[in-house]
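Single-structure report; data block below.
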Amino acid sequence: MTENNNIRYSKKAGLLPGSLVHIGKKKAENIKLTLFSFNEEMYEENEIIDTVKMLPSLDDGKVKWLNMDGIHKIDVIESIGKYFGLHNLLLEDVLNTQHRPKIEYYEDHMLFTLKMLGINKSGNKIISEQISFVLGENYLISFQEQQGDIFEQIRDRIRNKKGKIRQKKADYLFYALIDAVVDNYYIIIEHFSEKVERIEQQVIDNPNEKTLKEIQLLKKQLIQLRKSISPLREAVSSIIKDETDFIEKENIKYLKDVYDHIIHLMDSIESQRDTVSGLKDLYISELSNRMNNTMKVLTIIATIFIPLTFIAGIYGMNFDNMPELHYKYGYPIAWGVMILITMGMVIYFKKKKWL
Amino acid sequence: MTENNNIRYSKKAGLLPGSLVHIGKKKAENIKLTLFSFNEEMYEENEIIDTVKMLPSLDDGKVKWLNMDGIHKIDVIESIGKYFGLHNLLLEDVLNTQHRPKIEYYEDHMLFTLKMLGINKSGNKIISEQISFVLGENYLISFQEQQGDIFEQIRDRIRNKKGKIRQKKADYLFYALIDAVVDNYYIIIEHFSEKVERIEQQVIDNPNEKTLKEIQLLKKQLIQLRKSISPLREAVSSIIKDETDFIEKENIKYLKDVYDHIIHLMDSIESQRDTVSGLKDLYISELSNRMNNTMKVLTIIATIFIPLTFIAGIYGMNFDNMPELHYKYGYPIAWGVMILITMGMVIYFKKKKWL
Amino acid sequence: MTENNNIRYSKKAGLLPGSLVHIGKKKAENIKLTLFSFNEEMYEENEIIDTVKMLPSLDDGKVKWLNMDGIHKIDVIESIGKYFGLHNLLLEDVLNTQHRPKIEYYEDHMLFTLKMLGINKSGNKIISEQISFVLGENYLISFQEQQGDIFEQIRDRIRNKKGKIRQKKADYLFYALIDAVVDNYYIIIEHFSEKVERIEQQVIDNPNEKTLKEIQLLKKQLIQLRKSISPLREAVSSIIKDETDFIEKENIKYLKDVYDHIIHLMDSIESQRDTVSGLKDLYISELSNRMNNTMKVLTIIATIFIPLTFIAGIYGMNFDNMPELHYKYGYPIAWGVMILITMGMVIYFKKKKWL
Amino acid sequence: MTENNNIRYSKKAGLLPGSLVHIGKKKAENIKLTLFSFNEEMYEENEIIDTVKMLPSLDDGKVKWLNMDGIHKIDVIESIGKYFGLHNLLLEDVLNTQHRPKIEYYEDHMLFTLKMLGINKSGNKIISEQISFVLGENYLISFQEQQGDIFEQIRDRIRNKKGKIRQKKADYLFYALIDAVVDNYYIIIEHFSEKVERIEQQVIDNPNEKTLKEIQLLKKQLIQLRKSISPLREAVSSIIKDETDFIEKENIKYLKDVYDHIIHLMDSIESQRDTVSGLKDLYISELSNRMNNTMKVLTIIATIFIPLTFIAGIYGMNFDNMPELHYKYGYPIAWGVMILITMGMVIYFKKKKWL
Amino acid sequence: MTENNNIRYSKKAGLLPGSLVHIGKKKAENIKLTLFSFNEEMYEENEIIDTVKMLPSLDDGKVKWLNMDGIHKIDVIESIGKYFGLHNLLLEDVLNTQHRPKIEYYEDHMLFTLKMLGINKSGNKIISEQISFVLGENYLISFQEQQGDIFEQIRDRIRNKKGKIRQKKADYLFYALIDAVVDNYYIIIEHFSEKVERIEQQVIDNPNEKTLKEIQLLKKQLIQLRKSISPLREAVSSIIKDETDFIEKENIKYLKDVYDHIIHLMDSIESQRDTVSGLKDLYISELSNRMNNTMKVLTIIATIFIPLTFIAGIYGMNFDNMPELHYKYGYPIAWGVMILITMGMVIYFKKKKWL
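Residue numbers (my numbering), protein chains in the order written: chain A, 104 to 458; chain B, 104 to 458; chain C, 104 to 458; chain D, 104 to 458; chain E, 104 to 458.
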């Protein structure tokens, strides 16, 4: 049901290692390559049609940001790889969209992959898209599975020279993009937070089999969420600790800030998992409670009427010699006894707090 | 239901990183800035109206304590930041009241944030307020979300020169304030301790659906409590281990004492969580017990009367040839048999300890 | 219900840190100060009445053991503190009987606190008393909450020069005292071991609501036990690892032995916790079993008699035209059918192993 | 039921350590020894019949890959061991097929064992075969329990000079083989992923006793899977960290890739274990739900008819003086009352949402 | 019930530390001391009667193995201790049979204790015997609680010069003995493996209260097993890591092999614990299943017959004016209606899959 569990590696199994294959669903029909090139004074924004001719010179002192939407065109990726001198294993990682988020250092660039998360329209499925960043001395390449992203605001900041982004290098841009992804996680968490509360209400009001299945689904999705975010924590932490050359020292502070957000997200996920497993207990004991109530109804009815029916049965017997039957007040007395028994029972149940 | 789970980051998502926005509920209408300035010989206490003009000179050899109640006026915070040379990310952390407690070192000051906890009037909700401390060479800035705090006694100690506080530097003042917050946690823990015992009694006396919901709520709040206090342990521990310059070596001992208190608090929270999860088991088996008892009542009644009713049914049949019906003592004998059956049943149930 | 959970810090909250207050119940009416002073050749034993005049000179080359029973007289503790040059925070720790066991190093002495455990007379409550040791170059101070202890045998060894105690320094005495406390824990564990077995028997023989509450209490007490002993493990381990100057190298071996005992105790506590949580499961499934049995009784009775009653009902009908009623053998045949049904039911239940 | 649990060490217990005995089932009748010998220019492929005469010279600069299918012929293994100078303990490890995957360094070669996993035809059993690799300076020996493997594609690559395998040393070959095994694990995981979903559907549609046993079996097999893969993670991680001489530095990157796959597999296994344990809860509460529904049917029927039967019983009594019996409309009125009661009950159950 | 839980330290509590007391049950009546003395050329085997006179000279270049069966004669142990220069705490550890397995380094020898495990004849109790080894430069002392062991095969190897044992030093002998003990553990594990499968079958076929108690016992014994073996892992690991002088470097390989076996054993124990806790769940849901089935029987019977009995009741009423009673076909029609109702019910239950 969740994407990550349905691993289909068949496309690749048995191939040479290092051979480039796109693993995952093809999410976009066309690819789109955009290049931002900027420094404090100016910026340029171009769409790249022919990778061989149009790729930028790396030595003009400007920061380059090459963004690729759609990663199924292997030849384009290969020509990018050749141009920037990327290792084949790196390209393989970019193409395999079923990896965990990770960081990998190469001699003059590093690879950083993470998951962009979203919720589908009906609100019951997490959509996961892999974004890979290659960060070099003065360039950043971002690979996305499909067009349409949350980076538009960052593009605006570059265009309009908002904030420090035009004064800084590629590492700051890298931070800004990661930060945007992590900020976006909060929306997902919020969505779950609301869902948990809604189901909690439902468990209390009207628990049924569907509720339990929703709880089960919620639990699964929270596990999936944690699986997407938790390796990211390790990756960011490893950048902070290693003090790699790819990130300037003064920008490490910003990544620490991202790291704090991730820790906060992880905390929230753990809380919600605790709450969800509490919901299951609540559900089970609600069921128990309801069964108990059913039993009480049955017991009350049976306990009142069975003795009465017995008395009626007695005086329905056909013995010749049953003097009560011939007493003038036999019938009313029988009624009286039955009313007394009923009243006794009712008092007994009241005392037991069943009524 | 708990504040921390309802993350609302929308105000900020997509903004430039480092842009100052107040995140959280605006808890106070007005802000209030108070400045204590003291050394062993003298002390001054002033309310600051105009931050630009009135902020103190940092070089007069006195310890400065600037306290700000209400943090939603971003311009005031910015001017304080400018005055003391605080990093923008630090100010952001001060403004974001949804962070976990943490410590962050800057070149010539450090940031320490923690949660002040309280219980609302009806006693069923934890109120959490973030307090941020900026500790520099000879000053301490404290940011609180609203007026009214537990620091009044420390102010009295400064005013009346009680204890060592006037002989010491800003780091000792910093310790004294943290200590006051941690001491205050004990009141919360005590409150929960009493609540747990009350609910335990309720589970034993009269468990109902409301009880389970109270247990569920208690469990949630204990998680929230742990989430507020546990990162504080890490933060204090990191000060002790790092032997930072901001705290004099001889004052580390005091922070170790605070650390011991936090460990003790964590232990108590864990015990209470164990107890609470024990309560849930107790509740479930109480339910089981009660169901069992209901079943016994039903079984006893049914088991006694069903055979009797059968006998009555027999002699209510209309066969022509039923000799018992015409025996003179048929009726009393029938009664006798029924009484014997009842007595047998009663003995059987006594042996089974159902009666 | 357990002592440690009822934290009452109100006496202290808001006071100056470092101010001496006795926290905990006052367990003894009077205090008693005893001084042992010995070396290999001789020993002296005195009761100290006036701390100012009578405290021993520290430089006579003898080992001093000052024992104080009852810690609520703050002036006495203060004068001891002054005499031995103890830090105020150390005295505070001695006075606060609600701390976890811990070790704290000071410049020329160290503090070691642990819990002396006992069982109250009715056998259902753990009594916890804090003992604090201050170990210096050639002296040991022990603070106990009340008179009466398990150290009498060690006093005898000093008096009668048994073992190595008179040849050794204060550190060996320190070890001997801790060893006595830890040995004493075994009695507590044994007590619980017996209790667990008794309750296990009870669950099997006659589980009732009281049983579950006893299991719940047992679980709580085992947590309390672990909470008292577990930090002791850390403290002893820290002495062994740090190779502090206060303990001679050749005596570390003895502390390792104590450490092994503590580990063994922790193992036993964990086993018992496992057993106790197994008991709860056993209890719950015993309940289920019993409910099942109740249900079977009801089902057997109902299943046998309901069809019989139906047959009796048939022939109690008053239709004009019911030929069976007028057959000569109608009544015996009806009985026969009913007996056959009963036998069939009994065979069915036998096959189902319900009878 | 699982192979690993049925440990039969009897063949070996009490023998000299270092004595060679084949431990495990004999899975192949014949053994087969194949030798690949290649460099960039050429390759040779031979079947070895007589190990003494035909084993290759190690110094001709070519990479040797000796593969052995079937490991029960101890003399053959001994002669290989002698030829390559392998330690006796290494040979023992090769022969013992019940070891956990592990890595063991020797002076001029290293041993690496792992499990090749498969599913039997009926799809309900994991088949595990141990493969051991001995990696030396310029040779690789692989021991398999039986013929037929997943290495055919790698042989093709050597034969046809596909990829880098002919340009590289034995360490790259070693990586290629391990990679093939790990890729194969994905098929197993996929198989389980489908099984889990099928059983999930079954729990929802028609849970019965068999379902629970399938869940139990699934859980066991996932544990077995984890037991086979988890030590492999440690082993590969240890190669990466130790930077052993047997693997060239530039090839470590490939092993890191394998390591990432293993981590990914472990994650998937953990997710599935979570799901499976969720299934058990789902199953139990489905049972509860069904019991509840059974109870409701019983309660509805009993609650409606018991009062009606009582009324019928009343007017079946034979009192002389029962005026209702002689009213003209007595009978229809009785029916009317009974219909009213029934309607009341139905409304009551509708309100309770039982109907 | 398990030996280790019944700690009886009373013999020792309060004694001088370092005083020798035998703690544990006296398992043997007599003690027996045997001395092996060998090198590659020759071996001697003697029984020692008088420890003072007959203990071997340590400097003759031969390996000495002194084995003692029965450890309750303290004077003999003391004289051995004096002869070999053993620390008093070491002797204490040898005498105390309730310690966890451990390793302890002394200046020129080391102590290694472990548990020899067996199963009693009825197969339901683990018998644990402590074996202590003292390994010195050229001697090994082994202390066993009783005669009869699994070392006979190793003695044969010495006598008959099988394997390397006569060429090696005391450290290899030490390894050989530990290896024999660990190999023996596999028999225990196998025993449990079979027991687990037998009980699993029983849970499925005929679960009753005894089954649950067997599961509970099994769980306890697996904990005991783990408690005996787990510290052994630590001890062996510590030898391997410390690279102590007592074990020659080239023999460390053998201990690594032992270590692998222990890890494998631990894995098996964990698997079995998982399986056993799965059994409990299986048992509980079997109970639930059976209760459900009981309920169904009751519900089917009651639901079919209660309406029929009601109809019979109707026509047993004595109203004057009941036209149906006087119809010619009233009685057959009543039967018809009743048969229709029954058939409807049966179809309903078939649809619900209750029949």
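Glycine is no exception: its CB is placed at the ideal position from the N, C-alpha and C atoms. These figures come from a predicted structure and were not determined experimentally.
Among the options, whose alpha-carbon lies nearest the alpha-carbon of residue i?
| i | options | result |
| --- | --- | --- |
| B/L138 | B/L161, B/K129, B/G127 and B/E144 | B/L161 |
| B/R260 | B/K205, B/H190, B/S225 and B/E148 | B/E148 |
| C/R262 | C/Q249, C/E210 and C/W168 | C/W168 |
| C/T89 | C/L411, C/Q304 and C/D345 | A question about residue 89 of chain C goes unanswered here, because the residues of chain C that appear run from 104 up to 458. |
| C/K272 | C/V155, C/I183, C/E353 and C/E427 | C/E353 |
| D/K356 | D/Y278, D/T406 and D/I403 | D/Y278 |
| C/E373 | C/L214, C/N395 and C/Q327 | C/Q327 |
| A/H429 | D/N421, D/L428, D/E427 and D/H429 | D/N421 |
| E/D76 | D/V124, D/N199, D/Y186 and D/I134 | With chain E covering 104 to 458 only, the question about residue 76 of chain E has no answer from this structure. |
Residues of chain B with CB under 8 angstroms from residue i, in chain order?
| i | result |
| --- | --- |
| C/N354 | By Cβ distance, chain B contributes nothing, its closest Cβ being about 26 angstroms from C/N354, past 8 angstroms. |
Who are the Cβ neighbours of residue i in its own chain at under 6 angstroms, not counting the five residues just before and after it?
| i | result |
| --- | --- |
| D/L321 | V379 |
| A/R203 | P334 |
| E/V400 | none |
| E/N109 | The predicted position of E/N109 is uncertain, since its pLDDT is 36 and thus under 50; a value taken from the coordinates is nonetheless stated next. Taken in chain order, the list of residues that qualify is empty. |
Suppose the cutoff is 7 angstroms on Cβ atoms and the five residues either side in sequence are ignored; what does the same chain contact list for residue i look like?
| i | result |
| --- | --- |
| E/F254 | L280 and A283 |
| A/Q375 | F295, S296, V299 and L325 |
Using a cut-off of 7 angstroms between C-beta atoms, extract the partners of residue i located in chain C.
| i | result |
| --- | --- |
| B/K445 | Per the sequence shown, the amino acid found at residue 445 of chain B is Thr instead of Lys. The contacting residues do not exist; B/T445 stays about 13 angstroms from chain C at best. |
| B/D384 | K383 |
| E/Y319 | Correcting the residue identity first, residue 319 of chain E is Gln in this sequence and not Tyr. Per Cβ cutoff of 7 angstroms: G381 and L385. |
For residue i, go through chain E and note every residue whose CB falls closer than 8 angstroms to its CB, in chain order.
| i | result |
| --- | --- |
| C/N149 | By Cβ distance, chain E contributes nothing, its closest Cβ being about 24 angstroms from C/N149, past 8 angstroms. |
Between residue i and residue j, which are expected to be in contact by the criterion C-beta below 8 angstroms, what is the C-beta distance as a whole number of angstroms?
| i | j | result |
| --- | --- | --- |
| E/I230 | E/L220 | 7 angstroms |
| C/N424 | E/Y434 | 5 angstroms |
| C/L189 | C/F349 | With a Cβ gap of about 14 angstroms, C/L189 and C/F349 do not count as contacting. |
Which chain C residues sit within Cβ distance under 9 angstroms of residue i?
| i | result |
| --- | --- |
| E/I326 | E373, S374, D377 and T378 |
By Cβ distance, which residues of its chain are closer than 8 angstroms to residue i, with the 5 residues on each side in sequence left out?
| i | result |
| --- | --- |
| A/A116 | At A/A116 the pLDDT is 49, less than 50, meaning the model places this residue with poor confidence and gives no usable figure here. |
| D/I257 | I268, L276, A279, L280 and A283 |
Starting from the beta carbon of residue i, find every residue of chain E whose beta carbon is closer than 9 angstroms, and list them in chain order.
| i | result |
| --- | --- |
| C/D274 | Under the 9 angstroms cutoff, chain E gives no residues; its nearest Cβ is about 13 angstroms from C/D274. |
At a CB-CB cut-off below 7 angstroms, which residues of chain B make contact with residue i?
| i | result |
| --- | --- |
| C/K459 | Since the first and last residues shown for chain C are 104 and 458, residue 459 of chain C lies out of range. |
Name the chain A residues that come within less than 9 angstroms of residue i, Cβ to Cβ?
| i | result |
| --- | --- |
| B/F312 | Phe is not the amino acid found at residue 312 of chain B; the sequence shown has Glu there. Here the neighbours are I307, S388, E389 and N392. |
Short-range partners of chain E found in the region 353-381 of chain C, where Cβ spacing is below 8 angstroms: Cβ contacts with chain E: K356, Y357, K359, D360, D363, I366, H367, D370, S371, S374, Q375, D377, T378 and G381.
Residues in the region 181-206 of chain C having any Cβ partner in chain B nearer than 9 angstroms: Under the 9 angstroms Cβ criterion, the region 181-206 of chain C contributes H190, L192, E195, D196, Q201, H202, R203 and K205.
Chain D contacts from the region 412-438 of chain E (Cβ-Cβ distance under 7 angstroms): From the region 412-438 of chain E, only T412, F413, G416, I417, G419, M420, N421, F422, D423, N424 and M425 have a Cβ closer than 7 angstroms to chain D.
Residues of the region 387-409 of chain A with Cβ closer than 8 angstroms to any Cβ of chain D, in chain order: Residues passing the 8 angstroms Cβ filter: I387, L390, S391, R393, M394, T397, M398, V400, L401, I404, A405, F408 and I409.
Interfacial residues, the region 238-251 of chain B to chain C, with Cβ spacing under 7 angstroms: Taking a C-beta cut-off of 7 angstroms against chain C, none of the residues of the region 238-251 of chain B qualify.
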